[in-house]
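*Asks:*
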Amino acid sequence: MELLQLIRECKEGRITAQKYLYDRFATQFFLVCRRYLRTDAEAEEILQNGFVKVFDHLSRFSYVSDAGFVAWMKKIMVNECLQELRRKNSFLLVAEDLAAEVNVEDDVYAKLSANEIYRLITQLPIGYRTVFNLYVIEGFSHAEIATQLGISEGTSKSQLNKAKKTLQHAVTQNNLYAERQAK
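Residue numbers (UniProt numbering): 1 to 183.
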């Protein structure tokens with residue numbers, strides 16, 4: 001079914017259209033939620049909350065393109081994740097003066113599969129992971145992250161650099177382990 005027609009039917013309150021929209025995007029947005037939240041159960045709960053918001057606010061959405069609609073839903077999902085993280089107040093924040101730049105060799109990451117990178121990201125502490133996701137994956141600026149999370153820009157930069165250091169260490173350990181297994 002064409003997405004524009006599906007949106008129209010969802011706006012009319014048709015349950016079958018809502019289910020179809022959910023089924024079409026649930027896996028994609030579950031993975032978005034999972035990047036932010038520690039467990040599958042938390043991600044599933046926030047995914048459900050996010051879709052409730054999508055359906056509640058769909059009447060205010062003005063369709064321009066399929067990509068615009070998907071981006072709008074993704075923004076809702078990310079905001080739901082951030083609200084949950086703020087509600088739990090589980091950010092591990094570090095002092096701004098620790099925001100030294102981290103140099104990461106790109107070829108180190110080239111050796112990893114997408115699943116390995118995803119696994120490493122999900123193992124980061126919540127504060128590091130949240131800032132990393134917002135900055136690297138979502139493309140937010142440090143000013144936007146600071147506003148979203150109620151932290152300073154310096155803290156956002158520090159969290160990102162700590163995340164990079166932690167990932168670099170994990171990648172190095174992962175490569176050493178793989179090299180030992182190959183021998």
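Every residue gets a Cβ at the ideal spot worked out from N, C-alpha and C, and that includes glycine.
1) Check whether the region 160 to 167 touches the region 119 to 137, counting contact only when three or more Cβ pairs, one atom from each stretch, lie closer than 8 Å.
2) Does DSSP put VAL171 in a helix, a strand or coil?
3) Near VAL131, which residues of its chain fall below 8 Å by C-beta distance, leaving aside the five closest residues on each side in sequence?
4) According to the neighbour-count rule (16 or more other Cβ atoms, all chains shown, within 10 Å of its Cβ), is HIS57 buried or exposed?
5) Straight-line CA distance for LEU92 to ASN49?
6) Which of the three DSSP states, helix, strand or coil, is assigned to ALA26?
7) Would you mind sorting LEU31 into buried or exposed? The rule is 16 or more other CB atoms within 10 Å of its CB.
8) Shortest alpha-carbon distance to PHE140 belongs to which of LYS75, ASN115, GLN83 and LEU120?
9) Assuming PHE51 is part of the alpha helix (DSSP H), what are its boundary residues?
10) Using the beta-carbon count (16 or more within 10 Å), is VAL54 buried or exposed?
11) Decide if ALA43 is buried, meaning its Cβ has at least 16 other Cβ atoms within 10 Å, or exposed.
12) In chain order, what residues of the same chain have a beta carbon less than 7 Å from the beta carbon of THR39, not counting five sequence neighbours either side?
13) Using only alpha-carbon positions, find the residue among GLY68, PHE25, TRP72 and ASN133 that is nearest to LEU82.
14) Express the C-alpha separation of LEU120 and VAL171 in angstroms, rounding to a whole number.
*Replies:* From the atom records:
1) yes
2) helix
3) ILE145, LEU149, SER156, GLN159, LEU160 and ALA163
4) exposed
5) Note on LEU92: pLDDT 48, under 50, position unreliable in the model; no value is reported.
6) helix
7) exposed
8) LYS75
9) 40 to 57
10) buried
11) buried
12) none
13) ASN133
14) 8 Å
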